[in-house]
Every structure is written in C-alpha cells, then in structure tokens.
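Each residue of the sequence shown is one higher than the last, beginning at 157 in my numbering.
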Amino acid sequence: MLARLPRCAAIVAAVLLAANANALTGFSEEDSAQERAYESAFQALVSADACRGQSRRLTEDTHVAGTAASLAVADYIASEYASYGLTVTPYDYEVYLPFPEDVSVTLVSPAPAYEVVGREEPWAWDKDSFGEVIAGYNAYAPDGDVTAQLVYVNRGLPEDYDALAEMGVSVAGKVCIARYGESYRGVKAHVAGERGAAALLLYSDPADDGYMQGDVYPRGPQRPGDAIQRGTVKYIFVHASDPLTPGWASTPNADRLTRDEATDLPDIPVVPLSYNDAEPLLQAIAGPNVPDGWQGGLPFAYHVGPGPATVHVRVVSDHANRPIRNVIAMLPGTEYPDEWVILGNHHDAWTYGAADPSSGTAALLEVARCLGLLAEDGLAPKRTIVFASWDAEEFGILGSTEWAEDLADELQAKAVAYLNVDIAATGPSFGASAVPTLKRLIREVTRDVIDPATLGSIHDAWACRQDADEPRIGSLGSGSDHSPFLGHLGIASMSMGFHGPYGVYHAMQDNFYWMENFGDPGFRYHAAMAKLWGLIALRLANAEALPFDYAAYASELLEATDALDEDHPAALDEHAGITALRDALTRWATAADAIDDDAAPADIHLLERLLTSDAGLPRRPWFRHLIYAPGWRTGYAAVVFPGVRDALDAGDTAQLDSQLDILARACGRVADALEAATE
C-alpha cells in the first residue's frame, strides 16, 4: 500500500509510523502500518484553501430550506460529489415549513409607541447584507394577534416562573419576554404556554453574546444590536419528524396529520427580537426589580412587571408543504459494502450560514474530495463510507429524519456509526459528544491530527483547555442530525466541532466576512476538522475488529445508575428495578472486559440497537433509545435514562417500575450478547 502513495505522503507516513509504532485499536500491527499510511496520505491532501473556496461558494446567497436557493445548494453539493467519483443519489421530500408573512411587535403604551424593526440593517461595504434575508421569526409558532401587558421572565424556564409566582406576579394572559440561553427556545415556548402566557418574545441579551462579551460585528465576532436569532420552536424533545408525518417519511402521497393534530408544536405566538428592539420594551416595564441573576447587559435596571408596558404581537405565516432535498453520496467498500460509516452535515441555513452549517459542509466536501482522490489511486475503504448532506435541519432536524424513517430497515441492518458535524469551526476549542463506545476512538484520533495554533496534537490542546489528562466528551441529546440515528434507530453516533466566540448565530451576519475575519481566519480549523472526520471514518471503515468500547459504556452507565440513586433516594432506595439494572450492567461490564479489542464480534456495532424499545419513551414514542434522549426542559442537552427520570419527575410510581424493568432488560440483552461472544 505504501508504494501507491504520493512521494510527499509517503514521507509523512514514515514519520507517523515511527512516532506511532503501536497497533491501532481494532487493527493488527501489520494492518496498523497500512492504515497509518492510508491516513497520512489522506491528511496530506486536505487543503485549507479548498475549504475556503467551498465556504465562499456555499455562502454566496441565503438558502433557507424549502426555497429554490436551498435546492440549488443541494444540487451544487451533488455535482461536487459526482466530480469526486462518488455514487450520488438525491432524496426529495415534501415537509411542512411555515414561512413568515406578517410578524410584528409594537409597544403601544406607555407613549411613545415603538414598532419593532424585526430585521438587520445592511452595511454599505458588504454586498451580502443586501441579500434576501428572511424576516426574524420563530418557525412553527402559531398564528395569533395578542395585545397584553409585558412580563420579564428571565430565561423563561420553570424555576423563573416559580420565582415570579413567589413574588406575586402572574403571567396568565400576559406577553412574556425572555432572554435566549440556558435551554432550547422550543422549551421556553412550551413552558410559557403551560404557564398560561398569551405570547412569548425571545431576545438576545448583550450580556450573553453582545457587547459585554467583546467587540461586535463588524469589529469583532459578537452580536451587534440589530442581529436576530431566528430559529425553530418545534418541540424537538418530542420528535424530530416533519410535524405532520411523525414516524413515517414525508413522501408526496404520504398520509399527513393536520397542524391541530401535531404533538410537537407550540400553541402561543413566539417572536425573536434583537437587543436593539428589546431595549425600549424592557425599559418600559415597571414593577419589582428583578431577582439576583436576572439582570442583563442593557444599560438600565431590569424590572419584572407586569406592565405598564403593553405590547401588540401579531404572527401570520404561510403554512405550506415545501420541497426539500437530501444528497447522499457513497464510496463503496471493497470488502464489506453492506456496512456503512455515515458522515452527515446539513446544508440549509437561516441566512448565509458561514458557520452554521457551511463550515461543516465545506469540511465534509473536503473529506469526500480527498477520499475520492485516494480511491482513484487504488486506496479505497473496506466498508462503505456514506456522505450525507441534509436539508431542513434548521426547522427541527427534518431532512435527516425523513431519510432515516424512509430507510429505517436498511439503516438498522447496515449502519456502523453516524458521525455528525454541524458547525465545524467558529474558533480553536475542540469539543465532542458521543455514545461511550466511540469516545476512545475520538480521543485516539485527536492524537494524530495537528492543532493549527499550538502545533501539538488536537488532543493535547483539548486536554489543556479542560485542564484534564483525559478530555471529557459529552452525551448526545438533540439539536442536530444525530438525533434520528441514535434516538430513533439506535445507531452509535457522535458529533463534534471547533468552537469560539460566535455572536452571530442564526443572524444575517453569519456570513463569509465573519468567518474569514473572526471565526476561522485562514480556514485552518476547517481543514483540521476534515482531517479528524476523515480519520475517524477510516478507522471505522478499515478496522478488522470495530473499535467499539463497550466496557466504557458499562462503566458510564454504572456511574449514571449511582447518580440516579443519589438524586432520588426516597424513590429508589432498595428498589428491585435499580438492583436489576445494576446486576445487568455488572454482567455487561464483566463480559466486555473479557473481549479482546482485536477480536470483537463482527456485529458488535449492532448491540446499540438492543438499547432501544419498539414502544419508545412514554409520551414521546418516536424516541426509542432507552439510554439517551433530550430532556423535556433542556431540549438540546441529554438526559441519561430518560424514561426513568421522566417517571421520577412526574412522581409516577407505576411508570417508574415499568421503565426500570424495560431498562434493566435492555442492558441485560447487551450483557447476554457480550457473554455469548466470549464463549
């Protein structure tokens, strides 16, 4: 294999082989040498300039899902994949995507009246700021026309409403205004509706991502006063499907629910505001001063109300099913073509999307380009590598979910792992979330890629920032395209990115100028992400024994069981279900420790499926994974043992008993499979 490499790549390969003489996890020593040479050749091809060129092309126009511009981006991506020698298939669906027609907020009293601008102002020097930028709105908020007093509710989370109630402040029938942050915006809409609010305004506070954090665009990376955080308020913690086709693909002739029948949509109008537009509204609120921790960054004391500020909120949307297009490209495996390693990123954006998602798209295209070139030279992966470019993620993870539902049986049979990158680069700080089986692999690969700033390994820079010998990797909840693969189908998944100050999230200013000047000057971290992504894919695609770490999985779940018991001692002390869960996890751990990493069973990647339930979680059956799901009050962040924790939060003892039994049985199935593999 080394003889086929370009000369420069062979030199790099030799250096790496000398520095990394130990066998790779899942490879023999001989195959480790060949794999390192393959990876070195790949890394030598990755180009920051190529990533920059893709970023410039992808951000030329705004490309909201459901528009001709988004379909044009999909077609461009398809043409790029085809030029790399990949087999390309578009998958088209028709999904419910409401667009804004009339979204307005007016302070009607006290005088003087103020009408919210609701859009970003163009810059004379920046042609991108004169494009067709969609109005500031929250997708899936219902139509409504409300006039009521205003109440400031801090972050808009349950504890904030509880604090207001203790102060004697009711939000019933009022318009609430909440700061973005600390939870998903859809959770804020859900909670406001539960507490009886008539409408909700969401705004970006300068204390969080504006001038209190540093220079604002165009002088710096932080949010300027007119920038609006658009975004969906779909309840992605209930399911990630098209709201009208939950659990089945939104093909043109598919059966559909009505909006009133959908279970994942808010029932009150919701509108996002810039902090320029929020300022006169907040300043007009009187009543008690805010509690400790509620003061934001605007230059006056915040009050909770209600009133005397009274606002008129109007939301009218164009409710229609619109076309979306996923693009799937395949690099066939030479030995195991029916085992798929899937790399995914979405291509739709709320505006120009230089960071979200085009930094990830540029990196994905670069991985595909370089692996395509190597395949032309005779270096092809043993397993099939799938490159997936999703549409309509911004509306609630729709494109990837429709494909996952459409091909559910095939994916459950063939998928080895799903590797997600949404935002590849907004700075130099690496972070990742994954199922425990993939965490060791992530750490190993980060040791083999250079950090562009430190010139050491990404692993060492990552560990240094965390002040830890072994950097922490989070758990997966929702918020990006891993959700249908792990949460619905039980496919081992991960997500990663490089992060930094990113004040232009979902705003017009998320453009090429921002990326080139603040997010990733030189596009070095785009290239670093392409290298990481490609190496993880190659390790999984070429391993003799898939490097899934089920011992680490058991260890994490035993710790999570202890934490569950400590959080709820009264309910769980000596509970038979907790005992059964610990017993199953202990058997799992023992069996996993007995398996040699280089002799893992060929179907070890299928064990993740055993941790799902056909019935799904109570109240949200689309989520079938029993170990990880987004929380009802976190939206994005993961909850471990969600069925059990939901039952404990609800005080439902019958559901608690049932969920503990289901969970223990699932973990027991994994233990049984691992024990059988050691016989």
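The C-beta atom is built at its ideal place from N, Cα and C for all residues, glycine as well.
Counting only runs of 3+ residues fully inside the stretch 566 to 636, write out the beta strand (DSSP E) ranges in chain order. As far as the stretch 566 to 636 is concerned, its whole beta strand (DSSP E) runs of at least 3 residues are 571 to 576 and 585 to 590.
At a cut of 8 Å, does the stretch 498 to 506 reach the stretch 543 to 557 through at least three beta carbon pairs? Verdict: yes, contact present.
Please classify residue 192: is it buried, with 16 or more other beta-carbons within 10 angstroms of its beta-carbon, or exposed? Sixteen is the threshold: when 16 or more other Cβ atoms of the shown chains lie within 10 Å of the Cβ of residue 192, as they do, the residue is buried.
Please list the terminal residues of the continuous beta strand (DSSP E) segment that includes residue 486. 477 to 487 is the extent of the beta strand (DSSP E) around residue 486.
Quick test of your reading: residue 367 and residue 336, contact by CB under 8 Å. State the CB separation rounded to the nearest angstrom. Incorrect: roughly 16 Å between the Cβ atoms, too far for contact.
Residue 384 - DSSP class collapsed to helix/strand/coil: Residue 384 falls in the coil class under three-state DSSP.
Assuming residue 543 is part of the alpha helix (DSSP H), what are its boundary residues? Per DSSP, residue 543 lies in no alpha helix (DSSP H); the unbroken beta strand (DSSP E) holding it starts and ends at 539 to 546.
Nearest-angstrom beta carbon gap, residue 784 and residue 593 [assumed within contact, 8 Å]: No, residue 593 and residue 784 are not in contact; Cβ-Cβ is about 12 Å, not under 8 Å.
Which of helix, strand or coil does DSSP assign to residue 768? DSSP places residue 768 in strand when its eight states are reduced to three.
Does residue 608 pass the burial test, meaning 16 or more other C-beta atoms within 10 Å, or should it be called exposed? Classified as buried, residue 608 has 16 or more neighbouring CB atoms from the shown chains inside 10 Å of its CB.
May I have the straight-line CA-CA distance separating residue 807 from residue 591, to the nearest angstrom? Distance between the alpha carbons of residue 807 and residue 591: 28 Å.
Counting only runs of 4+ residues fully inside the stretch 412 to 483, write out the alpha helix (DSSP H) ranges in chain order. Within the stretch 412 to 483, the complete alpha helix (DSSP H) runs of at least 4 residues are 431 to 439.
List the endpoints of the continuous alpha helix (DSSP H) containing residue 553. No alpha helix (DSSP H) holds residue 553; DSSP gives it neither H nor E.
Excluding the five sequence neighbours on either side, which residues of its own chain have a C-beta within less than 8 Å of the C-beta of residue 645, listed in chain order? Within the same chain, residue 645 has close Cβ partners 560, 564, 567, 568, 571, 765, 768 and 780.
Is it true that the stretch 379 to 387 meets the stretch 626 to 634, where meeting means three or more beta-carbon pairs spaced less than 8 Å apart? Taking one beta carbon from each stretch, the stretch 379 to 387 and the stretch 626 to 634 have fewer than 3 pairs nearer than 8 Å; the two do not touch.
Per DSSP, the bridge partner or partners of residue 248: In the DSSP output, where bridge partners are listed per residue, residue 248 has 481.
Does DSSP classify residue 305 as helix, strand or coil? If DSSP states are grouped into helix, strand and coil, residue 305 belongs with the strands.
What are the start and end residues of the alpha helix (DSSP H) that includes residue 347? Unbroken alpha helix (DSSP H) run through residue 347: 341 to 350.
Comparing C-alpha positions only, which one of 376, 660 and 469 sits nearest to residue 426? The residue with the shortest Cα to Cα distance from residue 426 is 469.
Residue 725 (DSSP reduced to helix, strand or coil): Reduced to three states, the DSSP call for residue 725 is helix.
Would you identify the three-state DSSP class for residue 202, choosing helix, strand or coil? Note: residue 202 maps to coil in three-state DSSP.
Classify residue 283: buried if its beta carbon has 16 or more other beta carbons within 10 angstroms, exposed otherwise. Per the 10 Å Cβ criterion, exposed.
Per the DSSP calculation, residue 779 is bridged to which residue(s)? Beta-bridge pairing by DSSP links residue 779 to no other residue.
The stretch 243 to 252 / the stretch 479 to 489 touching (three or more Cβ pairs under 8 Å): Taking 8 Å as the limit for Cβ pairs, the verdict is that the stretch 479 to 489 does touch the stretch 243 to 252.
When DSSP labels each residue in this structure, what does residue 331 get in the three-state scheme? DSSP places residue 331 in strand when its eight states are reduced to three.
Residues of its chain near residue 724, where Cβ-Cβ distance is below 7 Å and the 5 sequence neighbours each way are ignored: 804.
Look at the Cβ atom of residue 703, then the Cβ atom of residue 535, and state whether they are nearer than 8 Å. Not closer than 8 Å, so no.
Could you check what DSSP says for residue 162 in three-state terms: helix, strand or coil? With a pLDDT of 41 at residue 162, under the threshold of 50, the modelled position of this residue cannot be trusted, and the question is left open.
Looking at C-alpha atoms only, which residue of 770, 261 and 399 is the closest neighbour of residue 558? When only C-alpha atoms are compared, the closest one is 399.
Burial state of residue 522 (16 or more Cβ within 10 Å): Answer is buried; the Cβ neighbour count reaches 16.
To the nearest angstrom, how far is the alpha carbon of residue 175 from that of residue 184? Legend: pLDDT at residue 175 = 46, less than 50; position of this residue unreliable, value from coordinates given subsequently. The C-alpha of residue 175 lies about 17 Å from the C-alpha of residue 184.
To the nearest angstrom, report how far apart residue 161 and residue 479 are at their CA atoms. Unreliable positioning characterises residue 161 in this predicted model, as indicated by a pLDDT of 39, which lies under 50. The coordinate reading is nonetheless provided below. Just so you know, the alpha carbons of residue 161 and residue 479 end up roughly 43 Å apart.
Following the continuous beta strand (DSSP E) through residue 265, name the residue where it begins and the one where it ends. For residue 265, the enclosing beta strand (DSSP E) covers residues 255 to 265.
Nearest CA to the CA of residue 539: which residue from 582, 374, 698 and 415? With distances taken between Cα atoms, residue 539 lies closest to 698.
Residue from 664, 528, 747 and 481 whose Cα sits closest to the Cα of residue 225: Of the candidates 664, 528, 747 and 481, the one whose C-alpha sits nearest the C-alpha of residue 225 is 481.
What is the rounded straight-line gap between the Cα of residue 257 and the Cα of residue 528? If you take the alpha carbons of residue 257 and residue 528, they lie about 44 Å apart.
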